Amino acid sequence: DRVQAFWKALIAASDPSGEVTSSGAGLESALGALAGSRVTFETLPVAQIDLPAGQEAQYRLAPGVSGPQAIASVVPLPEGAPGRRPRLKVIDGTGEFDAARGPAILLAAAGAQIDIVGNAPSFDVDTTQIVYYDPAEKDDAERLRSVLGVGEVVQSTQSNSALDLTITIGADYRDRSTTSGAGGG
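Per my numbering, the very first residue in the sequence shown carries number 1395; after that it's consecutive.
Here you go:
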């Protein structure tokens, strides 16, 4: 509560125009950008750690909640540091409304950077496809196929410098999601 109160007070005291009055970048720049934006606060699910009497309270993520899950609930499609997360395009091949969004959030929580979410050229895709362009991305493709629980991993003959993987969501994922309750769209 104290930390949240600090940030609220700091942002409220900032120049609402977003103007940064010091010459530095870094924190001043970030705070200036926040001052001109709509800011919301989300509380991560935490549990207090049992400590001996007299020690300051400490917290950890609540049991059953992983770091990526917690962050995905607050920032569903985060942008990762360059070169650290495989960059994906997740497209819907089923024609179901918003069918690519659920899998995209699930994949982001598993460590992928989702650059594009959209529709496939056709909506008659039966089997989810995880397409990789560089052989070095095959392990990521296999890992993300495992996260989805369905699909086939395919190496493309095209080069694609902008993305590491393209995932087309098929009917197999939709059917799995509606029967298991897993990350549906």
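Note that the Cβ used here is the ideal one computed from N, Cα and C, for glycine as well.
Note that the coordinates shown come from a computational prediction; the quantities given were computed from them, not determined experimentally.
Exercise. Counting pairs of beta carbons, one from the segment 1533 to 1552 and one from the segment 1495 to 1507, are three or more of them closer than 8 Å?
Worked result: yes
Problem set entry | Residues near Arg1481 by beta carbon distance below 7 Å, same chain, minus five either side | Here residue 1481 is taken as the residue at index 87 of the sequence shown, counted from 1. Cβ neighbours of Arg1481 within its own chain (closer than 7 Å, five residues either side excluded): Gln1507, Asp1509, Leu1557 and Asp1558.
For this session: Between the Cα of Ile1380 and those of Gln1523, Asp1492 and Phe1517, spot the shortest distance and give me the residue it belongs to.
Result: Within the shown structure, residues of the chain are numbered from 1395 to 1579, placing residue 1380 beyond reach of any answer.
Exercise. Is it the case that the Cβ atoms of Glu1547 and Ala1530 are separated by a distance below 9 Å?
Worked result: For this step, residue 1547 is matched to residue 153 along the sequence shown. For this step, residue 1530 is matched to residue 136 along the sequence shown. The displayed chain sequence assigns Val, not Glu, to residue 1547. The answer is no: Cβ separation not under 9 Å.
Exercise. Residues in its own chain within less than 6 Å of Pro1439 by CB, not counting five upstream and five downstream?
Worked result: Stepping through the sequence shown from its first residue, residue 1439 is reached at position 45. Answer for Pro1439: Ala1456 and Val1459, listed in chain order.
For this session: Could you spell out the range, first to last residue, of the alpha helix (DSSP H) harbouring Gly1496?
Result: Working through the sequence shown from its first residue, we reach residue 1496 at position 102. First-last of the alpha helix (DSSP H) with Gly1496: Arg1495 to Ala1503.
Exercise. Going straight from the alpha carbon of Ala1451 to that of Arg1396, what length do you get?
Worked result: Taking the sequence shown and counting its residues from 1, the one referred to as residue 1451 is at position 57. Taking the sequence shown and counting its residues from 1, the one referred to as residue 1396 is at position 2. In this model, Ala1451 and Arg1396 are separated by some 12 Å (Cα to Cα).
Exercise. What's the gap between the Cα of Gly1621 and the Cα of Gln1449?
Worked result: Here the chain has residues from 1395 to 1579 only, and residue 1621 is not among them.
Problem set entry | Three-state class that DSSP yields for Arg1481 in the structure shown | Reading the sequence shown from its first residue, position 87 is the one you call residue 1481. Residue state, collapsed to three classes: strand.
Exercise. Under a three-way DSSP split, which group does Tyr1453 fall into?
Worked result: Within the sequence shown, the letter at position 59 stands for residue 1453. Tyr1453: strand per DSSP, three-state reduction.
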